[in-house]
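Peer 1: Listed in order, the protein sequences are those of chains V and D.
The first sequence begins at 1 in full-length UniProt numbering and counts up one residue at a time.
The second sequence begins at 1 in full-length UniProt numbering and counts up one residue at a time.
Note that the Cβ used here is the ideal one computed from N, Cα and C, for glycine as well.
Just so we're clear, the structure is a prediction, and the values are computed from it rather than from any experiment.
Sharing a structure here in structure tokens format.
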Amino acid sequence: MKKASIIMMVGPLFLLGLYIFPLWNIMLGAPQYPEPLGMNIFIDGIKGFNEFDIVNIDGLNHYIGMKTIPKPEEMWEFSAFPKVIGAMVFLGVLIGFLGFIGKVSYKWFIGWFLLMSVLGVLGMYDFNAWMIDYGTNLDPHAIMKMANPDGTPMTYKPPLFGHANMLNFQVTSLPKTGAWMMFVGMMLTVVAFLVGKKNTSKT
Amino acid sequence: MKKYTYQLFALLGSALMLSSCGNQNGNSSSGALNSSNAEKVYVAPGEHDEFYAFMSGGYSGNLTVYGLPSGRMFKEIPVFSQFPTSGYGYSEETKPMLETSHGFVPWDDSHHPDISQTNGELDGRWIFINGNNTPRIARISLTTFETEEIIEVPNSAGNHSSSFVTENTEYVVAGTRFSVPIPQRDMPINEYKGNFQGALSFISVDPEHGHMDIKFQIIMPGFNYDLSHPGRGKSHGWFFFTTYNTEEANSLQEVNSSQNDKDFIAAINWKMVEEYVNNGGGKKVPANYAHNLYDESTHTATSTMKKEVLTVNPLDVPGAVFFLPTPKSPHGCDVDPSGEYIIGNGKLSADLTVHSFDNMIAAIEGKKFDGEAYGIPILKFEDVLAGVVKSGGLGPLHTEFDGKGNAYTTFFISSEVVKWKLGTWEVIDRKPTYYSVGHLMIPGGNSRKPFGKYVVALNKITKDRYLPVGPEMEHSAQIYDISGEKMELLYDFPTHGEPHYAAGIPAELLAPKSKKIYRLDENKHPYAVLTPDQARVERKGNEVHIYMSTIRSHFTPDNIEGVKVGDKVYFHITNHEQDFDVPHGFAMIGQNTSELLIMPGQTKSSVWEPKKPGVWPFYCTDFCSALHQEMQGYVRVSPADSNIELSWSLGED
Chain V
1 MKKASIIMMV GPLFLLGLYI FPLWNIMLGA PQYPEPLGMN IFIDGIKGFN
51 EFDIVNIDGL NHYIGMKTIP KPEEMWEFSA FPKVIGAMVF LGVLIGFLGF
101 IGKVSYKWFI GWFLLMSVLG VLGMYDFNAW MIDYGTNLDP HAIMKMANPD
151 GTPMTYKPPL FGHANMLNFQ VTSLPKTGAW MMFVGMMLTV VAFLVGKKNT
201 SKT
Chain D
1 MKKYTYQLFA LLGSALMLSS CGNQNGNSSS GALNSSNAEK VYVAPGEHDE
51 FYAFMSGGYS GNLTVYGLPS GRMFKEIPVF SQFPTSGYGY SEETKPMLET
101 SHGFVPWDDS HHPDISQTNG ELDGRWIFIN GNNTPRIARI SLTTFETEEI
151 IEVPNSAGNH SSSFVTENTE YVVAGTRFSV PIPQRDMPIN EYKGNFQGAL
201 SFISVDPEHG HMDIKFQIIM PGFNYDLSHP GRGKSHGWFF FTTYNTEEAN
251 SLQEVNSSQN DKDFIAAINW KMVEEYVNNG GGKKVPANYA HNLYDESTHT
301 ATSTMKKEVL TVNPLDVPGA VFFLPTPKSP HGCDVDPSGE YIIGNGKLSA
351 DLTVHSFDNM IAAIEGKKFD GEAYGIPILK FEDVLAGVVK SGGLGPLHTE
401 FDGKGNAYTT FFISSEVVKW KLGTWEVIDR KPTYYSVGHL MIPGGNSRKP
451 FGKYVVALNK ITKDRYLPVG PEMEHSAQIY DISGEKMELL YDFPTHGEPH
501 YAAGIPAELL APKSKKIYRL DENKHPYAVL TPDQARVERK GNEVHIYMST
551 IRSHFTPDNI EGVKVGDKVY FHITNHEQDF DVPHGFAMIG QNTSELLIMP
601 GQTKSSVWEP KKPGVWPFYC TDFCSALHQE MQGYVRVSPA DSNIELSWSL
651 GED
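Structure below.
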């Protein structure tokens, strides 16, 4: 149980990577952008892959009537997410510590994982909802109003995961270091659960 | 009939090919050899060249940037000449760059670019170039590829033995080709002899910012100081100048300056002169010369007139200046990478004279002099001579080095490049040039570390090399592969203006630091608007200042009213783009000046003096975006006595 608890204490600490590394990354390449534009999505805001990418993406998007990329103060998520992650790290380490001193059972470990998974899915859902709004809620006075072959107005929601063609841009959206660290940290808590279970069934 | 002609040509062509295939060891330029040469200069689409080549523009007054081996031109950098393409010399910010003691001079003749060096190797910080006609030296940044500074050289005329840098860019050196009365005065021309003098200027370069300042001028006898190069390695601290017209003729010089069997190479121990000056030596004399400095943060140049220059009489610094007799009006003066050999290219001779630095020092220490000229000791020709290259060519002009013990000399009259070996003086190879080559260039070929892969011949005569375009045409260059024992002609390409010298540098030393944009948040221009809401129009008497910003695809403001006939309207335009390669242009109908081309983050100003009432449009001249055609605006001009208030707007009805 001690070994499992140590793993449980370490796992959530990987989530601290989210404060340093981007969670997600969207890159936009086009013929005239051999060096693609890109945005790194952090839990506390969106930054350009290169310094001026956000202003340049906004500049291009104004042609098709997209809103500007939100600044941290324009979305509650960017102030809430750091707090939620902080609380989850604290909770996870606390559960591990309590397991170490024998106050809680290994089942709490999977409990933390399930809670984190639910929060993660909610986060993805929220992120996707923002992208739908960002890509479809267009200015009616847009300079260029593009239509699909079937006549419906063209929308510009970036893919949540993977690759898409949008007008002249090739858009790639993939999880980045922060997400991978979160994934590793969460998997460690599952390992902690399994190790705890194994040791308990032995004794 | 036409068809038959083509068939005839085809037959002839195949006959020629057949005959050339049989000629295995001739100078055939067809077949397999030709295609491998094509591969050597082929840079695939999207790929980059291996070297930058900076070619002087000659009478264009500018500097052009090419790629090697492809011969593609990337940019023309305006230096000494007004350049309507960008507004250089027309915009309010850049007009001061062309100020001189003679007033605004919109043109010059640019000759010898030289890249800054550290420890005798190219460091790629700046490139210097001389204006020959109204003596000036310019410094160009190699991060922005723009002219940052121009200093006028007083007491000089025909600023030709310039602008070569010392081993650590301590000095950029400028020598006079035409000796003149110093100071200038009204006197009979035929009293030249003994009265005219030649100034050799040592311009210090601030190691951090590159700012130039004339540290001292050595006032030499009235010869023509034609070309120069610094000592390097063991000869660091010396500078060598070729001279002609040691006859001191003042008329029909093509004859009268060609009488002496030998002229001189002047060897100057500048370190000794520097020490003399640092200890208070020399004489400050009144002068008047412009120092023009462009500030990248304000995007603005200022011009100040300097009133004094420090002159040095070479006789006051014994041991600092010597003459090395060199046959037949030498032109090029080149120093090999080791610093041992000083090559005088006697342009009226078939041979090259190579002096030895060690021999020179030994002769000086042994005080073996062969008389003097105006008090300056002349060394004995035989004592300083290292060897003679019996070239078999005619009219040697310039020599470069490959760093592998070989030298390459151009021959103007016999129109060829000759490769020869340092030390043995034997000729290894010769290849024709098309036609009448002047300078040649090996990247780093006049430094301690040449990159001896290619040599470029910069020719003076083009004639039939390209499709004919009338009597006036561009000049012509050839690139040769010099990686093997024999030179191989690879490619021909036209060059803009009249390139004299050129300077090459590996692309990897410059490309990574080339600027993409100017940062708007570092823009300190007094008339900049950093956000569109600062855009405005202000009146000061009859001056109207329009603080305007641009972003794809509009001007802010784009409707302006309240301007009157007789006003002097300043458009101060800040480009708010922060994206690579998104300039905006500006042009106003009927404006008596050039357009402006404004880079991202930059501010430029242009003056318009409307002469007629009306509503006058302006527009963006750079195809900036899909909505470029919409990037336009109007200024309403009312009669001088109208009382319409100034107003401005964007997107209002």
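Determine whether the Cβ of residue 440/D lies closer than 8 angstroms to any Cβ atom of chain V.
Peer 2: Not closer than 8 angstroms to any Cβ of chain V, the Cβ of residue 440/D fails to qualify, so no.
Peer 1: For residue 579/D, would you say it is in contact with chain V, using Cβ-to-Cβ distances shorter than 8 angstroms as the test?
Peer 2: Output row for residue 579/D: interface = yes.
Peer 1: Looking at C-alpha atoms only, which residue of 39/V, 61/V and 130/V is the closest neighbour of residue 24/V?
Peer 2: If we check each option's Cα against that of residue 24/V, 39/V comes out closest.
Peer 1: To which residues does DSSP link residue 538/D through a beta bridge?
Peer 2: Paired residues: 545/D.
Peer 1: Name the residue from 140/D, 69/D and 104/D whose alpha carbon lies nearest to the alpha carbon of residue 62/D.
Peer 2: Selected option, being the one with the closest Cα: 140/D.
Peer 1: Taking the straight line between their C-alpha atoms, what separation do you get for residue 27/D and residue 500/D?
Peer 2: Only weak support exists for where residue 27/D lies, its pLDDT of 47 falling under 50; the coordinates are left without a value.
Peer 1: Output, in sequence order along the chain, the residues in the stretch 537-563 of chain D whose CB is closer than 8 angstroms to any CB in chain V.
Peer 2: Answer set for the stretch 537-563 of chain D: 551 and 552.
Peer 1: Starting from residue 59/V, find everything on chain D with Cβ-Cβ shorter than 8 angstroms and list it in chain order.
Peer 2: Result: 551, 552, 577 and 579.
Peer 1: When DSSP builds the beta bridges, which residues end up paired with residue 677/D?
Peer 2: Coverage of chain D is limited to positions 1 through 653, which leaves residue 677/D absent and any answer about it impossible.
Peer 1: Thinking just about the alpha-carbon of each residue, which of 551/D, 407/D and 355/D is nearest to the one in residue 327/D?
Peer 2: It is 355/D whose Cα lies nearest to the Cα of residue 327/D.
Peer 1: Of all the beta strand (DSSP E) runs that stay within the bounds of the stretch 380-429 of chain D, which reach a length of 3 or more residues?
Peer 2: Entirely contained in the stretch 380-429 of chain D, the beta strand (DSSP E) runs reaching 3 residues are, in chain order, 385-390, 396-401, 406-411 and 416-421.
Peer 1: For residue 52/V, go through chain D and note every residue whose CB falls closer than 7 angstroms to its CB, in chain order.
Peer 2: Ordered by position in chain D, the residues that pass the 7 angstroms Cβ test against residue 52/V are 578 and 579.
Peer 1: Looking at the structure shown, is residue 372/D part of a helix, part of a strand, or coil, going by DSSP?
Peer 2: Residue state, collapsed to three classes: strand.
Peer 1: Does residue 25/V come within less than 8 angstroms of chain D when only Cβ atoms are used?
Peer 2: For residue 25/V, the answer is no, since every Cβ of chain D falls outside 8 angstroms of its Cβ.
Peer 1: DSSP beta-bridge partners for residue 126/D?
Peer 2: In the DSSP output, where bridge partners are listed per residue, residue 126/D has 141/D.
Peer 1: On the DSSP bridge assignment, give the partners of residue 649/D in chain order.
Peer 2: Looking at the DSSP assignment, residue 649/D forms a beta bridge with 559/D.
Peer 1: For the putative contact between residue 440/D and residue 331/D, defined by C-beta atoms under 8 angstroms, what is the C-beta separation to the nearest angstrom?
Peer 2: About 13 angstroms separates the two Cβ atoms, so there is no contact after all.
Peer 1: Just checking, does the stretch 299-307 of chain D make contact with the stretch 356-373 of chain D on the three C-beta pairs under 8 angstroms criterion?
Peer 2: Result no; under three Cβ-Cβ pairs closer than 8 angstroms.
Peer 1: If we ignore side chains and look at the alpha-carbon of each, how far apart do residue 195/V and residue 3/V end up?
Peer 2: Rounded to the nearest angstrom, the two C-alpha atoms are 8 angstroms apart.
Peer 1: Residue 551/D by DSSP, collapsed to three states: which one?
Peer 2: Residue state, collapsed to three classes: strand.
Peer 1: Can you tell me whether residue 31/D is buried or exposed? The criterion is at least 16 other CB atoms within 10 Å of its CB, across all chains shown.
Peer 2: Summary for residue 31/D: the model assigns pLDDT 48, below 50, so the residue's position carries little reliability; its value from the coordinates is reported in the next sentence. It counts as exposed.
Peer 1: How long is the line joining the alpha carbons of residue 58/D and residue 460/D, rounded to whole angstroms?
Peer 2: Using only the alpha carbons, I get a separation of about 11 angstroms.
Peer 1: Tell me the DSSP secondary structure of residue 26/D in three-state form.
Peer 2: Since pLDDT at residue 26/D reaches only 41, below the 50 mark, its modelled position is unreliable, and the value read off the structure follows with that caveat. Here residue 26/D sits in coil by DSSP.
Peer 1: Quick check on DSSP: helix, strand or coil for residue 708/D?
Peer 2: This structure leaves residue 708/D out entirely; chain D is present only between 1 and 653.
Peer 1: Check whether the Cβ atoms of residue 266/D and residue 246/D lie closer than 8 angstroms to each other.
Peer 2: Against a cut-off of 8 angstroms, the Cβ pair of residue 246/D and residue 266/D comes out as no contact.
Peer 1: Shorter than 8 angstroms from the beta carbon of residue 633/D to some beta carbon of chain V?
Peer 2: Taking Cβ atoms only, chain V never reaches closer than 8 angstroms to residue 633/D, which makes this a no.
Peer 1: Measuring alpha carbon to alpha carbon, tell me which residue in 372/D, 385/D and 350/D is nearest residue 361/D.
Peer 2: Measuring from the Cα of residue 361/D, the nearest candidate turns out to be 385/D.
Peer 1: Along chain V, which residues have their Cβ under 9 angstroms away from the Cβ of residue 626/D?
Peer 2: 63, 143 and 144, listed in chain order.
Peer 1: Within the continuous alpha helix (DSSP H) that includes residue 202/D, where are the two ends?
Peer 2: Here residue 202/D belongs to no alpha helix (DSSP H); instead the beta strand (DSSP E) covers 197-205.
Peer 1: Using only the alpha-carbon positions, how far apart do residue 71/D and residue 317/D sit?
Peer 2: Their backbone Cα atoms lie some 47 angstroms apart in a straight line.
Peer 1: Answer yes or no: does any C-beta atom of chain D fall closer than 8 angstroms to that of residue 184/V?
Peer 2: For residue 184/V, the answer is no, since every Cβ of chain D falls outside 8 angstroms of its Cβ.
Peer 1: Measuring only the C-alpha atoms, how far is residue 21/D from residue 36/D?
Peer 2: Reliability fails at residue 21/D, whose pLDDT of 41 lies under 50, so the model's placement of it is uncertain and the value that follows must be treated cautiously. About 16 angstroms.
Peer 1: Listing by chain order, which chain D residues have their CB less than 7 angstroms from the CB of residue 55/V?
Peer 2: Simply 578.
Peer 1: Leaving aside the five residues before and after residue 183/V along the sequence, list all residues of the same chain whose C-beta is less than 6 angstroms from its C-beta, in chain order.
Peer 2: Excluding residues within five positions, none has a Cβ falling inside 6 angstroms.
Peer 1: Look up residue 6/V in the DSSP assignment and say whether it is helix, strand or coil.
Peer 2: Three-state result, residue 6/V: helix.
Peer 1: If you pair each beta-carbon of the stretch 114-125 of chain D with each one of the stretch 444-464 of chain D, do three or more pairs fall below 8 angstroms?
Peer 2: These segments touch.
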